[in-house]
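Protein chains in written order, with full-length UniProt numbering: chain A, 1 to 380; chain B, 1 to 257.
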Amino acid sequence: MNFELSKEQQMVKSMVHEFAEEVIKPRAIEIDEQAKFPVDIFKQMGELGLLGIPFPEKYGGSGGDTLSYAIAVEEISRVCASTGLSYAAAVSLGASPIYYFGTEEQKKQFLKPLASGVALGSFGLTEPNAGSDAGGTATTAVLKDDSYIINGEKCFITNASYAETLIITAVTGKNDKGKNMISAFIVPVDTVGVTITSNYDKLGMRGSDTAEIVLNNVSVPKENLLGDASKGFKQFLYTLDGGRISIGALGVGIAQAALEKSLQYAKERKQFGKSISSFQAIQFKLADMAMEVELARNMVHKAAWLKDKGKSFSKEAAFAKLFATETAFRSANQAVQIHGGYGYMREYEVERYLRDAKLLEIGEGTSEIQRLVIARQLGC
Amino acid sequence: MKIYVLLKRTFDTEEKISVVNGQIDEDSAEFIINPYDEYAVEEAIQQRDAHGGEVTVVTIGNEDSEKQLRTALAIGADKAVLINTEEDLDDGDQFTTAKILEAFFDGKDVDLILAGNVAIDEASGQVGPRIADLLGIPYVTTITSLKIDGTAVNIEKDVEGDVEVIETTLPLLVTCQQGLNEPRYPSLPGIMKAKKKPLEEIYLDDLDLGEDDIEAKTKTIDIFLPPEKAGGRVLEGDVKDQVKELVSLLKNDAKVM
């Protein structure tokens, strides 16, 4: 048993911490207010190798591990959760499936630009009528000669407006049990028939791009099929398991920020002639926040460690996502409460944490779905 | 070119610092590369990339200093040397440091040594000039520009906000001032590669130094935090009266006039 980060992991932590503090933090309020995706920040993150942490060097990556990646997501989300979300989605959903399931050719052609940070990838799974029930996917892909013709509609897709490569799930037939057979395809955004629009006006995560994708007779070569045609469902479940670790890390980042802001404010704010941090009502809130942040972080790190060791991590990733994101929401909520009237104001930032944290309980599997995943792992 | 950077691990003055029994409490402090040394590392890498050669980062400290050395390797230095004095040295000062480094550089082929202008912990700014003196090479402090052409060197030096232009030659020691360059962040691939780069650990014995040779010339009597700043006072009323009151306060209360 060893809870100490390796030297490399410590260096990643301090580098990303410094980068986040100096480059991202000063712009966090503006990014939220203007709901503007910070393209230049992603360019810099790409140059630093952040977008390729968990991928090998030969595919343009940095050759790091999942734990380093989770640490980076936490540090970025601590200052700006919108940036953290786009980052996590680009790596865990946009690039990882190609790394997990792609052929050598696909990795060279499509993963390299994503891992080296010169392009962003996006993962199109959710549809207007297929959210938690991804099996209800209505988008279809039909093999005609040497190409798949894809038709359908995807919604709430992170980063799609800024992506160069989309991974699209589509129904390619029925299996023996009569259920939809789902496959995944790599679709370059400039393919004829792909329309991406971003008209959502969101509660939180406003600086992270969210878009709709319409696919109208989109033709991709059959070589763009990702992985096994009959195992698309299993593949994206595995992809989502990995993604949950990073969403958990995102939650830890928000919760850590909420704790830091609250502690600082409680020490400075005086009422009844004393700092409010001397009142038990406030102390108990801070103690709970600090405890939950630490527990959430430990769970995220354990899930990441299991993945790095090649062990099964599905249940632990669901634990991490569920607990860390609910911790983020509770901590952000208490942070607003501790700040009182000021906490309701944008300038104090904690109201943003609350709005951003809410998304985490919904995206990449709602809290309810996490509980189902856990229950299934328990043998229910 | 053989380029050396003198690097110091210091506590982060932007984080909380507490003093316990006249000593800085190391357990509660955060440790970083001395910020002025970051300019030195960056400049060394840029000069190497322009002229070829290799950059070696040297520090005196203990095992904990390895993290700062690895960071310098991650930023782009080629080699690191840790002169580990943990077992052999209780207290040192600028004299001690300079003597150790003199012994380290003895017999080495050196073109350029870069150091920070000062270390933010004790801020003496002495180590660089002392070493240059011991090695018998020229030095220029607080530089903001460094241009090398063959062995001719053209330097801009910050003199209290003004610029002094100096021409000199290699081998040379310089200390780096803010404005010299924009230090880069270590990249992720850099961090991963750093563990494969050589980090040599040497002891005072290896340098043929005994405790007596390097005994500190100064003594630290006490360390304390500055008194907490009292709340300011805002003068009110007519500007004329405010000026009168201010002058009277400066004369009688603050006694600065």
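For each residue, glycine too, the CB sits at the ideal point set by N, CA and C.
Can you name the residues that DSSP bridges to residue i?
| i | result |
| --- | --- |
| Met181 (chain A) | A:Gly173 |
| Thr210 (chain A) | A:Thr158 |
| Arg9 (chain B) | B:Ile33 |
| Gly61 (chain B) | B:Asn84 |
| Ala81 (chain A) | Answer by DSSP bridge pairing: none, since Ala81 (chain A) is not bridged. |
| Ile148 (chain B) | B:Val153 |
| Thr169 (chain B) | B:Ala152 |
| Glu164 (chain B) | B:Lys157 |
| Ala115 (chain B) | B:Leu6 and B:Thr175 |
| Thr97 (chain B) | Bridge partners of Thr97 (chain B): none, in fact. |
| Val20 (chain B) | B:Gln23 |
| Ser219 (chain A) | A:Ile149 |
| Leu225 (chain A) | A:Phe185 |
What residues in its chain sit with their C-beta under 8 Å from that of residue i, if we drop five residues either side in the sequence?
| i | result |
| --- | --- |
| Phe110 (chain A) | Ile98, Gly102, Gly121, Thr165 and Ile186 |
| Glu87 (chain B) | Tyr203 |
| Gln46 (chain B) | Asn181 |
| Lys2 (chain B) | Gly53, Glu54, Thr56, Lys108, Asp109, Val110, Asp111 and Leu112 |
| Gly239 (chain A) | Sequence inspection shows Thr at residue 239 (chain A); the Gly mentioned does not correspond to that position. Within the same chain, Thr239 (chain A) has close Cβ partners Ser92, Leu93, Ser96, Pro97, Tyr100 and Phe123. |
| Ile167 (chain A) | Leu93, Gly94, Pro97, Ile98, Gly121, Ser122, Phe123, Gly124, Ala184, Phe185, Ile186, Val187 and Leu226 |
Got a sec? Which residues, its chain only, sit under 6 Å from residue i by beta carbon, not counting five neighbours each side?
| i | result |
| --- | --- |
| Asp158 (chain B) | Thr142, Thr144 and Gln177 |
| Ala119 (chain B) | Lys8, Thr10 and Asn34 |
| Val319 (chain A) | Note that residue 319 (chain A) is Phe in the sequence shown, not Val. Correct list, in chain order: Met299. |
| Ser86 (chain A) | Asn159 and Ser208 |
| Val16 (chain A) | Ala72 and Glu75 |
| Ile113 (chain B) | Tyr4 and Leu173 |
| Asp91 (chain B) | Ala216 |
| Pro129 (chain B) | Tyr139 |
| Pro113 (chain A) | Ala119 |
| Asn224 (chain A) | Phe185 and Ile186 |
| Gly248 (chain A) | Val300, Ala320, Lys321 and Ala324 |
To which residues of the same chain is residue i closer than 7 Å at the C-beta, ignoring the five residues directly before and after it?
| i | result |
| --- | --- |
| Val336 (chain A) | Gly343, Tyr344, Val350, Glu351 and Leu354 |
| Trp305 (chain A) | Leu67 |
| Ala229 (chain A) | Thr172 and Ser183 |
| Lys315 (chain A) | Ile374 and Gln377 |
| Ala290 (chain A) | Leu259 |
| Leu225 (chain B) | Val19 |
| Leu135 (chain B) | Glu102 and Phe105 |
| Ser161 (chain A) | Ile196, Ser198, Asp209 and Ala211 |
Can you look up residue i in the DSSP assignment and give me helix, strand or coil?
| i | result |
| --- | --- |
| Pro38 (chain A) | coil |
| Ile137 (chain B) | coil |
| Val256 (chain B) | coil |
| Gln271 (chain A) | strand |
| Ala80 (chain B) | strand |
| residue 461 (chain A) | Nothing in the structure corresponds to residue 461 (chain A), since chain A is present only between 1 and 380. |
| Tyr59 (chain A) | helix |
| Glu211 (chain B) | helix |
| Glu74 (chain A) | helix |
| Leu354 (chain A) | helix |
| Gln283 (chain A) | helix |
| Asp49 (chain B) | helix |
| Ile362 (chain A) | coil |
| Thr327 (chain A) | helix |
| Asn298 (chain A) | helix |
| Tyr203 (chain B) | strand |
| Asp190 (chain A) | coil |
| Ile196 (chain A) | strand |
| Ser96 (chain A) | helix |
| Tyr185 (chain B) | coil |
| Val218 (chain B) | For clarity, residue 218 (chain B) is Thr in the given sequence; the question names Val instead. Here Thr218 (chain B) sits in coil by DSSP. |
| Glu14 (chain B) | coil |
| Val55 (chain B) | strand |
| Thr142 (chain B) | strand |
For the putative contact between residue i and residue j, defined by C-beta atoms under 8 Å, what is the C-beta separation to the nearest angstrom?
| i | j | result |
| --- | --- | --- |
| Leu125 (chain A) | Thr195 (chain A) | Not really, about 18 Å apart at Cβ, beyond 8 Å. |
| Phe284 (chain A) | Thr210 (chain A) | With a Cβ gap of about 37 Å, Phe284 (chain A) and Thr210 (chain A) do not count as contacting. |
| Ala332 (chain A) | Ala357 (chain A) | 5 Å |
| Leu82 (chain B) | Gly61 (chain B) | 7 Å |
| Phe55 (chain A) | Tyr185 (chain B) | The Cβ separation is near 20 Å, so there is no contact. |
| Asn180 (chain A) | Gly135 (chain A) | 6 Å |
| Phe323 (chain A) | Leu295 (chain A) | 7 Å |
| Lys307 (chain A) | Gly232 (chain A) | About 21 Å; that fails the 8 Å criterion. |
| Ile155 (chain B) | Leu146 (chain B) | 6 Å |
| Ile254 (chain A) | Ala81 (chain A) | 5 Å |
| Ala138 (chain A) | Ser246 (chain A) | Their Cβ separation, rounded to whole angstroms, is 28 Å, which puts Ala138 (chain A) and Ser246 (chain A) out of contact at 8 Å. |
Can you list the residues of chain C that residue i reaches, using a CB-CB cut of under 7 Å?
| i | result |
| --- | --- |
| Thr220 (chain B) | Checking the listed chains, one finds no chain C in this structure; the protein chains it contains are A and B. |
- Can you give, in chain order, each stretch of the beta strand (DSSP E) that sits fully within the stretch 117–168 of chain A and has at least 3 residues? DSSP runs (the beta strand (DSSP E)) wholly in the stretch 117–168 of chain A: 120–124, 140–144 and 147–158.
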